[in-house]
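Working notes, beginning with the structure itself.
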Amino acid sequence: LYARLPERQPADTSKLIQSPMPGLVVSVAVVPGQEVKTGETVAVIEAMKMQNILKAERDGVVKAVSVKAGDPVAADDVLVEFG
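Counting in my numbering, the sequence shown runs from 100 upward without gaps.
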């Protein structure tokens, strides 16, 4: 029966910036409509007393920002979506 189940395709997360770990959002450096370049800082998350800088992995335009400074986040929470 297991052999007949369709293979699950992983979700396309290429247009998202997700939290790599639980923590607290220290800052968000982008706003909706802003153009970003690869390597540009998008947000900073503090976890275990260390600040983690999240950078854009590709060029794009910010479609939505789901968090603000001070928000707690869980692992894999969507922080920024590109359009």
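Positions of the beta carbon are idealized from the N, C-alpha and C atoms, including for glycine.
Rounded to the nearest angstrom, what separates residue i and residue j at their Cα positions?
i, j, result
"Pro131", "Thr140", "15 Å"
"Gln117", "Ala146", "14 Å"
"Ile152", "Val143", "5 Å"
"Val179", "Tyr101", "36 Å"
Starting from residue i, trace the beta strand (DSSP E) in both directions and tell me its first and last residue.
i, result
"Ala183", "One cannot answer for residue 183 here, as it falls past the ends of the chain, which runs 100 to 182."
"Met149", "Met149 to Lys154"
By DSSP's criteria, residue i is part of a beta bridge. Which residues make up the other side?
i, result
"Glu145", "Leu123 and Gln150"
"Met140", "In the sequence under discussion, the amino acid at residue 140 is Thr, which differs from the Met named in the question. BP columns for Thr140 point to Lys154."
"Glu134", "Val160"
"Pro109", "BP columns for Pro109 are empty, so no partner."
"Val129", "Paired residue(s): none; Val129 is not in a bridge."
Should residue i be flagged as near chain C, meaning a C-beta pair shorter than 8 Å?
i, result
"Asp170", "In the structure shown, chain C does not exist; there is a single protein chain."
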